[in-house]
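Respectively, the protein sequence lines represent chains C and E.
Each residue of the first sequence is one higher than the one before, starting from 1 at the first, in the working numbering.
Each residue of the second sequence is one higher than the one before, starting from 1001 at the first, in the working numbering.
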Amino acid sequence: MTEAAASPVSPAVHSRGAEAWRILRRNPVTLAAITIIVVVSVAAALASLIAPFDPNATDPAVALSPPSPHNWLGTDLYGRDQLSRLMYAARLDLLIPFAATLSALAIGALVGALAGYAGRWVDQIIMRAVESVLAFPALVLAMGLTAALGNSIGNIVLTLAITQIPIYIRLIRGEMLRVREMEYAEAARAVGNPAWRIVLVHLLPNCIPPLIVQATLAMGFALLTMAALSFLGLGIRPPDSEWGEMTAEGVGYMVTDEWWLFVFPGLMIMISVLAFNLVGDGLRDFLDPRMRGVRS
Amino acid sequence: MSLIDIRGLTVQFTTDAGPVEAVHGVDFSLEPGEILGLVGESGSGKTVTAFSILRLIRPPGRIVTGSIVFEGQDLVILPESAVRAIRGAKIALVPQSPRTALNPVITIGRQIARLFELHAGMAPSAAWCRGIEALEAVGIPDASRRMRQYAHQLSGGTCQRVMIAMALASAPRLLIADEPTTGLDVSIAARILDLLRDLGQRTDAAIILITHDLGVVAETCHRVAVMHAGQLVETGALDVMLRKPAHPYTQALIRSIPRIDRDIALEPIPGSVPSLLRASPGCRYAGRCPHPMAICTNVKPTLSAIGSDHSVACHAVEAQRANVA
């Protein structure tokens, strides 16, 4: 049997999914990060089914017990099971940044597309507004906004979205400046499409890859910002629980050796943020072959 | 009445270094079924002229003066919504590079079916079927499979056929083909030109064929208009233009065609298209002309008839004719 006949004939066209899997297998870090996000998401979604305890059930008998076969991650002052609490907290920790990122993405993409396509004074006004928002450090801006608006869940979503919107506007505006000069933009104009359709149907889809990458990275950043707000008492407050707020509760026990109370929530924040960032990096490599192997 | 009549078209671009008149006082007209070759070097204003007809000139460029009367309407002053109804419907454009003119993230089928929805008001499913027919009409085999593919999956020739199919989708009265054969190999280029020629005969549509290849012009066009540095220097019927070119620039262009049947040295045209920034008030070819006269640098020559369907803008030709008369 000849060598050529022995080698398997690879199909000329790989499906996008198959190619993604091939690349993922060569990037164990990205694969691990995706696994973390999936595991945390599933735990959050199914918390009511798989959590070992009611997160709010108190039990003075086991108060402040360290990790044990009974309470895997220990209990707090009221005897609440920390693992169960972390699982329920994950709902807020994922949903709030997700809602914020999604709304920021939608608004930022539209406004950025408008600025980039319309140009001239529209662009000037939008970009000056963007710069004035970006002039504040994101966390300081978020603190100011929640302090001013009050820290309901809706306001926290709004706050996180506001800190993100300018980033998307700038990103999409830049992409739009590039693609609006492309010949297919000219061709779309030449067949009599109205401007809104050229922007939304013909140009915006060509701007999506960097947007997805940015959104994934922003998920991690929004989670971190929310945790920081909660840690400072400006975000989620008891009885709602969230990892940043749990870390803040636990910090008080640092001096008395109940380490599990701040280490586990802090660890959840860390690995989740890290996972989102790594997935963002992986996506960038996948969507932009020029960046393959480059680490910023 | 001509299908389209362009008079005194002037297009200006504002640049950091000052205004540039990319097209200056261009006149020409086209009858139905006629194929006009618009010829000139890169930067001579061919594409800008074409884009002006579709009113696709965007800031910093604008049409300063002139009229473009198409089927009795002046496109220069028509409101944008009315122009949009003409674009792609009555006047269609085959863009310069077919591969980049197709949107990379939308299937061929969506792009072509969209035209039938836009201009014929068809339902999506009917438009899709018409799309398949349109691709078959330009000789694309396996059209229904092509419809579901993306531009990067097609060859250059197929992309160009798709662009032509899209341009023909609404049976336009005027087709503007901007260098439709650039970057295609010779046999495919010949087939694309055949396609255009057939179309002109079959539908009586007029075609403006923009090219810098006089070979293409000789094969395809009925009339030729030669542009240099934004000005129309000579226009006339094909055989007159090829046999008795009057303008020194046209003569030079024809001498620079490689000939297989005659053993003569190729003559490149000296110099390049002059900068249009602070363009001279006179003839813009004066700097490259073999026999410039004093008047050439100061006074712009006007296009005047020197024969039936043959006009030229050149002081030397005018002087010669005055002497003979």
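Where is the CB? At the ideal position from N, CA and C, for every residue including glycine.
For C/A187, the chain E residues whose C-beta falls within less than 7 Å of its own C-beta are P1095, A1101, listed in chain order. Under a criterion of Cβ atoms nearer than 8 Å, the residues of chain E adjacent to C/H202 are, in order, N1103, I1106.
C-alpha of E/I1257 to C-alpha of E/P1268: approximately 9 Å in a straight line.
C/A113 and E/V1226 have their alpha carbons spaced roughly 40 Å apart.
With 16 or more other Cβ atoms inside 10 Å of its own Cβ, C/M226 counts as buried. Around the CB of C/W260, 16 or more other CB atoms lie within 10 Å, so the residue is classed as buried. C-alpha of E/I1057 to C-alpha of E/L1232: approximately 19 Å in a straight line. In the assembly as shown, C/R120 is an exposed residue. Its beta-carbon has fewer than 16 other beta-carbons within 10 Å. Counted as a single uninterrupted DSSP element, the alpha helix (DSSP H) harbouring E/Q1320 occupies residues 1315-1324. Two segments are said to touch when three or more pairs of C-beta atoms, one from each, lie closer than 8 Å; by this definition the stretch 100-111 of chain C touches the stretch 210-223 of chain C. At a cut-off of 9 Å between beta carbons, E/R1146 makes no contact with chain C. Chain order gives the chain E residues near C/Y184 as P1095, T1100, A1101, L1102, N1103, P1104, I1106, Q1111, A1151, where near means a beta carbon separation below 9 Å. In the assembly as shown, C/L49 is an exposed residue. Its beta-carbon has fewer than 16 other beta-carbons within 10 Å. Note on the stretch 110-153 of chain C: whole alpha helix (DSSP H) runs with a minimum of 4 residues are 120-134, 138-149, in chain order.
Collapsing the DSSP output to three states places E/H1310 in a strand. Three or more beta-carbon pairs separated by less than 8 Å are not found between the stretch 1131-1143 of chain E and the stretch 1046-1062 of chain E, which leaves the two stretches without contact. Less than 9 Å separates the beta-carbon of E/L1036 from that of E/A1206. Only those residues of the stretch 48-82 of chain C whose C-beta falls short of 7 Å from the nearest C-beta of chain E would be listed, and there are none. The CB of E/A1089 comes closer than 9 Å to the CB of V191, G192 in chain C, given here in chain order. Note on geometry: alpha-carbon atoms of E/R1114 and E/V1094 lie some 16 Å from one another. When the five nearest sequence neighbours on each side are left out, no beta carbon in the same chain lies closer than 7 Å to the beta carbon of E/G1072. With a minimum length of 4 residues, the unbroken runs of alpha helix (DSSP H) contained wholly in the stretch 196-237 of chain C fall at 208-231. By the Cβ test, the stretch 269-286 of chain C is not in contact with the stretch 122-136 of chain C, since fewer than three Cβ pairs between them sit closer than 8 Å.
Between the beta-carbon of E/H1310 and that of E/V1217 there is about 15 Å, and that puts the pair past the 8 Å contact cut. Counting along the chain, E/H1119 sits inside the alpha helix (DSSP H) bounded by residues 1108-1120.
Among the residues facing chain C, E/L1199 is not included, as its CB has no counterpart in that chain under 9 Å away. For E/P1019, the enclosing beta strand (DSSP E) stretches over residues 1018-1030.
Non-local beta-carbon contacts of C/I271 in its own chain, meaning distances under 7 Å to residues more than five positions away in sequence, involve I36 in chain order. The beta carbons of E/L1078 and E/I1086 sit closer together than 9 Å. Of all residues in the stretch 1129-1144 of chain E, none comes within less than 8 Å of chain C when Cβ atoms are compared. For E/A1279, the secondary structure class from DSSP, reduced to helix, strand or coil, is coil.
Note on E/T1158: 16 or more other CB atoms within 10 angstroms of its CB, so buried under the neighbour-count rule. Annotation for E/F1070: the continuous beta strand (DSSP E) segment containing it runs 1061-1070.
Assigned with DSSP and collapsed to three states, E/Q1149 falls in coil, not helix or strand. Excluding the 5 residues flanking it on each side, E/K1300 has same chain C-beta neighbours closer than 7 Å at P1281, G1282, C1283, in chain order. Neighbourhood of E/L1118 in chain C, by CB distance below 8 Å: V191, G192, N193, in chain order.
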